[in-house]
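Chemist: Those letters in the sequence shown? Residues 2 to 264, per the numbering used here, in order.
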Amino acid sequence: MIKLIISDLDGTLLSKGKHLPPDFDEVFNELNKKGIAFATATGRNFAGVQDFFGNIVDKMHFICDNGAFVMHHDKLVQAVTIEKEMSHRIFNAVKKYGGIDVLACGKKGTYYTHCLPQTQEIMNDFYTKTTFVDDLCDIDDEFFKISINDFNDPLKSGSYQYFVDNFGNDLSINASGDIWMDAMCKNVNKGIGVDVLQKLLGVTKEETMIFGDYYNDIPMLDRAEYSFAMATAPDDVKAHCKYIADSSESFGVTKAIKEFVLN
2 MIKLIISDLD GTLLSKGKHL PPDFDEVFNE LNKKGIAFAT ATGRNFAGVQ DFFGNIVDKM
62 HFICDNGAFV MHHDKLVQAV TIEKEMSHRI FNAVKKYGGI DVLACGKKGT YYTHCLPQTQ
122 EIMNDFYTKT TFVDDLCDID DEFFKISIND FNDPLKSGSY QYFVDNFGND LSINASGDIW
182 MDAMCKNVNK GIGVDVLQKL LGVTKEETMI FGDYYNDIPM LDRAEYSFAM ATAPDDVKAH
242 CKYIADSSES FGVTKAIKEF VLN
């Protein structure tokens with residue numbers, strides 16, 4: 002019996018227009034009646050996720066910042082931050098590399114510095130309460146995640162490998178989208194967030210269903226007996242899953258939940 006369902010957000014639960022499936026509320030209410038927990042696992046920060054779910058936020062669970070920040074209903078149960086000296090090294094490496102932008106997600110807020118207009122536009126879609134600063138090294142905050150944006154595709158341009166080579170021994174570096182990569186504390190990923198929730202809820206891998214569509218979802222997909230890659234996912238991601246769900250545009254997450262859990 003499935004007791005915990007976890008879904009990535011962008012490209013998985015949300016459509017390209019950033020909308021939930023039209024039957025999401027109906028499905029969530031049915032899961033709630035059956036005592037089945039629902040969580041979302043995302044690279045977004047908690048402040049940027051809440052608005053999608055309205056008045057059911059306190060009935061859900063959240064794995065945010067790719068596993069560094071975990072909420073059990075309205076209670077924070079995990080917050081793993083990067084050491085200040087290390088975060089400064091990353092900010093300086095971004096400056097040195099050139100042609101890429103950086104975003105820092107902290108306890109008090111989300112920060113950015115001088116960036117391309119395209120990056121500003123994307124940030125406005127994904128984050129709320131962002132603050133512009135002249136120098137990220139001057140911020141008095143603790144960071145869960147540092148996101149680096151490369152419009153040339155970090156996996157192809159070499160920027161991803163550059164940060165792995167320079168920080169991979171000390172930090173977890175994940176490709177989290179076509180143009181994004183995230184730096185977090187070593188061994189922090191969405192899978193670690195799943196471990197936290199499974200332990201907290203007393204749920205096993207065999208009782209877990211998870212949906213994802215990109216490389217940063219692989220660590221959590223490996224922790225579910227019912228692992229679903231979206232139809233649009235890269236083949237490398239699909240190889241980690243037992244099932245394929247329809248695309249987010251076809252509401253694949255709620256379709257699969259209805260078929261496997263609510264039928």
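Glycine included, C-beta positions come from ideal geometry on N, C-alpha and C.
Computed from a predicted model, the values in this text were never measured in an experiment.
For residue 1, which beta-bridge partners are listed by DSSP?
Modeler: Here the chain covers residues 2 to 264 and nothing more, so residue 1 does not appear.
Chemist: So what's residue 179 in DSSP terms, helix, strand or just coil?
Modeler: What you label residue 179 is simply residue 178 of the sequence shown in a count that begins at 1. Residue 179 falls in the coil class under three-state DSSP.
Chemist: By the three-class DSSP mapping on this structure, what secondary structure does residue 140 have?
Modeler: For the purposes of this step, residue 140 is taken as residue 139 along the sequence shown, with counting starting at 1. Residue 140: coil per DSSP, three-state reduction.
Chemist: Here's the rule I'm using: 16 or more other beta-carbon atoms within 10 Å means buried, otherwise exposed. How should residue 2 be labelled?
Modeler: By one-based count along the sequence shown, residue 2 stands at place 1. Exposed is the call here.
Chemist: Starting from residue 5, follow its DSSP beta bridges and name the residues at the other end.
Modeler: Taking the first residue of the sequence shown as position 1, residue 5 is located at position 4. DSSP lists 38, 209 as partners of residue 5.
Chemist: So residue 89 is in the beta strand (DSSP E); what residue range does that whole segment cover?
Modeler: Here the question's residue 89 lines up with position 88 in the sequence shown. Residue 89 -> not in any beta strand (DSSP E); alpha helix (DSSP H) instead, spanning 85 to 98.
Chemist: Using DSSP's beta-bridge definition, name the partner residues of residue 73.
Modeler: For the purposes of this step, residue 73 is taken as the residue at position 72 of the sequence shown. Residue 73 pairs with 62, 76.
Chemist: According to DSSP, simplified to helix, strand and coil, what is residue 131?
Modeler: Within the sequence shown, numbered from 1, the residue matching residue 131 stands at position 130. In this structure, residue 131 counts as strand in the three-state DSSP scheme.
Chemist: Applying the criterion that 16 or more other CB atoms from any shown protein chain within 10 Å of the CB defines a buried residue, is residue 130 buried or exposed?
Modeler: Taking the sequence shown and counting its residues from 1, the one referred to as residue 130 is at position 129. Burial call: exposed.
Chemist: Just curious, the beta strand (DSSP E) that residue 164 is in, first and last residue?
Modeler: Counting from one through the sequence shown, the residue named residue 164 turns up at place 163. Taken as a continuous stretch (DSSP letters only), residue 164 belongs to no beta strand (DSSP E), being part of the alpha helix (DSSP H) at 160 to 168.
Chemist: Quick check on the DSSP output: the alpha helix (DSSP H) that includes residue 246 runs from which residue to which?
Modeler: For this step, residue 246 is matched to residue 245 along the sequence shown. No alpha helix (DSSP H) contains residue 246, which is instead part of the beta strand (DSSP E) from 244 to 246.
Chemist: Determine which residues share a DSSP beta bridge with residue 186 and list them.
Modeler: Your numbering for residue 186 matches position 185 in the sequence shown. Answer by DSSP bridge pairing, in chain order: 172.
Chemist: Identify whether residue 223 lies in helix, strand or coil by the three-state DSSP scheme.
Modeler: Here residue 223 refers to the residue found at position 222 of the sequence shown. Note: residue 223 maps to coil in three-state DSSP.
Chemist: Quick one: grab the DSSP three-state call for residue 112.
Modeler: Within the sequence shown, numbered from 1, the residue matching residue 112 stands at position 111. Here residue 112 sits in strand by DSSP.
Chemist: What does DSSP give as the partner residue(s) for residue 230 in the beta ladder?
Modeler: Here residue 230 corresponds to residue number 229 of the sequence shown, with the count starting at 1. Paired residue(s): 213, 245.
Chemist: Can you give me the Cβ contacts of residue 1 inside the same chain, cut-off strictly under 8 Å, excluding the 5 residues immediately before and after it?
Modeler: The requested residue 1 does not occur in the structure, where the chain is confined to residues 2 to 264.
Chemist: Identify whether residue 237 lies in helix, strand or coil by the three-state DSSP scheme.
Modeler: Stepping through the sequence shown from its first residue, residue 237 is reached at position 236. Here residue 237 sits in helix by DSSP.
Chemist: Using the Cα positions of residue 226 and residue 97, report the straight-line distance between them to the nearest angstrom.
Modeler: Locating residue 226 in the sequence shown gives position 225, counting from the first residue. Locating residue 97 in the sequence shown gives position 96, counting from the first residue. Those two C-alpha atoms are separated by around 43 Å.
Chemist: Measure how close the beta-carbons of residue 43 and residue 212 come, nearest whole angstrom, since I'm counting them as under 8 Å.
Modeler: Counting from one through the sequence shown, the residue named residue 43 turns up at place 42. Counting from one through the sequence shown, the residue named residue 212 turns up at place 211. That belief does not hold up - the Cβ atoms of residue 43 and residue 212 are roughly 12 Å apart, past 8 Å.
Chemist: Assuming residue 256 is part of the alpha helix (DSSP H), what are its boundary residues?
Modeler: Locating residue 256 in the sequence shown gives position 255, where the first residue counts as 1. Note, residue 256: alpha helix (DSSP H), 253 to 261.
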